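All remarks here apply to the structure that follows.
Numbering (my numbering), first residue to last: 524 to 882.
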């Protein structure tokens with residue numbers, strides 16, 4: 524990942540004593556050090572780590588010694604939901620895409636059990652560059668033409684991903700090749716049942732949108748590798764050239780699926796309500812082209828028609844609403860109260876937007 528950590532907490536691997544302001548819960552550097560040596564990863568000096576600010580799902584750490592830097596990801600400490608934090612899946616797709624047009628960090632090591640850190644984790648090489656999370660970072664890229672060129676580069680990478688032959692890179696069994704849309708509708712409906720509040724005021728509208736999606740599900744457009752969470756802050760841009768994407772990050776939702784669902788979610792992230800889910804999200808800024816323009820750009824880059832686009836957009840709004848509900852759920856599981864829950868407040872507007880797509 525790029526150099527974007529804010530107010531990092533630093534730990535030393537010799538005894539795990541705190542050297543910064545806060546503990547890095549979930550990262551045992553002494554245990555990680557033993558694992559790296561056991562699997563033959565070259566080491567030089569003691570391990571250090573800092574928690575990288577940003578995502579509200581998996582925990583992400585920058586780990587380094589005197590010669591190397593890596594990025595380690597592991598599930599959150601509280602509020603785990605089924606299939607949402609699959610370390611093996613994320614690691615496998617990154618390793619498979621190493622020699623494709625899709626830029627990814629080099630895979631280093633992964634454990635899909637709790638034997639090292641008390642939870643699964645995966646680790647890749649650190650990729651220097653620029654991560655754009657917030658509006659001021661987006662503004663710093665340059666003028667409107669520069670930002671639009673950056674958006675074009677990002678969409679080209681997404682189209683390149685969707686053009687990769689899964690069988691050719693060893694991902695032919697990465698997911699079921701058909702029935703993706705039906706499974707997505709079922710899955711996110713089931714996820715709602717896990718994360719909703721008791722007596723949630725959005726319950727009726729969530730059920731209605733779920734029913735409409737089930738009734739309107741079209742045939743799958745085609746099958747490709749899908750990222751499942753694609754937007755500017757899940758990539759690293761070249762430090763000097765914002766029109767060059769040097770790595771795509773956060774593959775935990777990746778699978779084989781319908782590429783139009785991937786494109787639609789990218790467009791839905793442009794909705795202003797996303798700023799309740801991701802504070803001051805760059806991708807929701809008015810500096811980014813509208814969702815309609817993003818859709819047109821993707822259609823041209825991928826050379827595909829956007830058939831049944833209203834369904835894909837409605838499904839994307841549904842998914843984002845349930846993701847927001849899940850973030851709120853994890854916060855409650857971690858001890859936060861219901862008061863002042865802006866992420867939870869995003870659910871209603873996103874469900875309404877989905878219903879508007881499927882009038």
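All C-beta atoms in this analysis are idealised placements derived from N, C-alpha and C, irrespective of residue type, glycine included.
Bear in mind that the values here come from a model prediction, so they are computed numbers and not experimental data.
- Unbroken alpha helix (DSSP H) stretches of 4 residues or longer found wholly inside the region 630–667: 658–662, given in chain order.
- Residue 779 carries a strand assignment under DSSP once its states are collapsed to helix, strand and coil.
- Sorting 743, 645, 827 by C-alpha distance to the C-alpha of residue 582 places 645 at the top.
- Ranking 683, 674, 722, 613 by CA distance to the CA of residue 760 puts 674 first.
- Closest by C-alpha distance to residue 750, out of 800, 575, 764, 698, is 698.
- For residue 720, no alpha helix (DSSP H) run applies, since DSSP gives it neither H nor E.
- Ranked by Cα distance from residue 624, the options 643, 692, 813 are led by 692.
- When Cβ pairs closer than 8 Å are counted between the two stretches, the region 731–747 is seen to touch the region 822–841, the count reaching three or more.
- Our two residues, residue 812 and residue 791, have alpha carbons roughly 12 Å apart in a direct line.
- Secondary structure of residue 793 (DSSP, three-state): coil.
- At a Cβ-Cβ threshold of 8 Å, residue 611 and residue 630 do not count as neighbours.
- When the beta-carbon positions are compared, residue 806 and residue 850 stay at least 8 Å from each other.
- Assignment of residue 763 by DSSP, reduced to helix, strand and coil, places it in the coil class.
- Taking all protein chains shown into account, residue 615 has 16 or more neighbouring C-beta atoms within 10 Å of its C-beta and is therefore buried.
- For the pair residue 586 and residue 830, the Cα-to-Cα distance works out to about 44 Å.
- When DSSP states are grouped into helix, strand and coil, residue 587 belongs to the strand group.
- The continuous beta strand (DSSP E) containing residue 572 extends over residues 571–574.
- Excluding the 5 residues flanking it on each side, residue 818 has same chain C-beta neighbours closer than 8 Å at 786, 787, 790, 829, 832, in chain order.
- Approximately 6 Å separates the beta-carbon atoms of residue 779 and residue 746; this is inside 8 Å, confirming the contact.
- For the set 647, 613, 641, 635, the Cα lying nearest the Cα of residue 628 is the one of 647.
- In this chain, the alpha helix (DSSP H) harbouring residue 850 covers 832–856.
- Residue range 870–880 is occupied by the alpha helix (DSSP H) that includes residue 870.
- With 16 or more other CB atoms across the displayed protein chains lying within 10 angstroms of its CB, residue 880 is buried.
- DSSP places residue 619 inside the alpha helix (DSSP H), whose first and last residues are 610–619.
- In the DSSP assignment, residue 592 forms a beta bridge with 587.
- DSSP, read as helix, strand or coil, puts residue 670 in helix.
- When C-alpha distances from residue 548 are compared across 765, 640, 704, the shortest belongs to 640.
- In chain order, 558, 559, 562, 564, 645, 646 place their CB closer than 8 Å to the CB of residue 632, counting only its own chain and leaving out the 5 sequence neighbours on each side.
- Residue 827 is not bridged by DSSP to any residue.
- Here residue 813 carries a coil assignment [DSSP, helix/strand/coil].
- Within 10 angstroms of the beta-carbon of residue 836 lie 16 or more other beta-carbons, which makes it buried.
- Annotation for residue 683: 624, 625 place their beta carbon closer than 6 Å to its own, counting only its chain and skipping 5 residues before and after.
- Our two residues, residue 834 and residue 686, have alpha carbons roughly 22 Å apart in a direct line.
- Closest in alpha carbon position to residue 744, among 782, 649, 707, 657, is 782.
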